[in-house]
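Let me begin by presenting the structure, written as structure tokens, before commenting on it.
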Amino acid sequence: MNPRDLREKIRTGEFNTHTSGVGSNYVQANLAIVPKEYAFDFLLFANRNPKSCPIIDVLEPGVVESALAAGSDIRSDIPLYFVYENGKISEKRHELKEIWRDDFVSFLIGCSFTFESALLKEGVPLKHIEQNKNVAMYITNRQTKQAGEFSGPVVVSMRPIKNELVQKAIDITAQFPNMHGSPIHVGDPKEIGIDDISKPDFGEFTEYGEEETPVFWECGVTPQSAAIHSQIPLVITHAPGHMFVTDVTNEEFLRNRS
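Residue numbers (the numbering used here): 23 to 280.
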């Protein structure tokens, strides 16, 4: 789907589910919005944790249009938003216009949905897309590097990969450092603190068999983990899997970052 058309459908409520596998040739992004007084700390947090939080655009206070998507509105072009107050979700919203403030600074963060397109093109199947599921995401025992008020555990996304294609998947995703890059872990989930792989903290579980290996990538939901752990007064994020779809193709993004 053309990203402008998709954003319009999201804005009008016609499209209101996760964006995995949608607009697959275009760069998708996670979102974190904080009041200006916390913006520097968040920028520093992202800088210290570049695999979890690779920033691809920053909107100045009060600005709602991203340079990566002409005519976009960060307040309404994501299917679902989470509003956190003092570390807890206070509400889930389909738009932010009623609560928008001129001191809000918006950060767009690279998303692994971008490298999924490359994996599929190179013949690496992705079961959650085949099954029309949101990717499974887990809170791990790995810790981010603290910056100011922000800290917390690393969140990962998991994809079952055929055993013979694991190295190929690693090599392909390593080409996308601004979209989480290569995996943080391959194999036994318990080694990164995931005791029950069938119960993701976010998204939907995708089963795998002996012919497949669970592969884990750092995830842009990590800022939500930091929002919960840090308990700052107000943070707004995308709902896991419900991304901001830009007008930039994956190929254009790679070319401009090379």
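Just so it is clear, CB atoms sit at the ideal spot from N, CA and C, and this is done for glycine as well. Since we're looking at a predicted model, the values are computed, not measured.
Asked: Rounded C-alpha distance that separates G263 from L65; Found: 22 Å
Asked: Extent of the continuous beta strand (DSSP E) run through T268; Found: 266-271
Asked: Buried versus exposed call for K281 [16 or more other C-beta atoms within 10 Å across all chains shown]; Found: No information on residue 281 is available, as it lies outside the stretch 23 to 280 that the chain covers here.
Asked: Under 9 Å between C-beta atoms of Q197 and Y106; Found: no
Asked: Rounded Cβ spacing between L148 and F266 (contact assumed at less than 8 Å); Found: 21 Å between Cβ atoms; not a contact.
Asked: Paired residues, beta bridge with I175 - DSSP; Found: This sequence places Pro at residue 175; Ile is not what is there. Paired residues: Q165.
Asked: DSSP bridge partner residues for V127 (one or two, in chain order); Found: V56
Asked: Residue interval of the beta strand (DSSP E) (run including T228); Found: Element bounds for T228: n/a, residue is neither H nor E.
Asked: Distance between beta carbons of F238 and M180, contact taken as under 8 Å; Found: 5 Å
Asked: Inter-residue Cα distance where the pair is D269 and S220; Found: 35 Å
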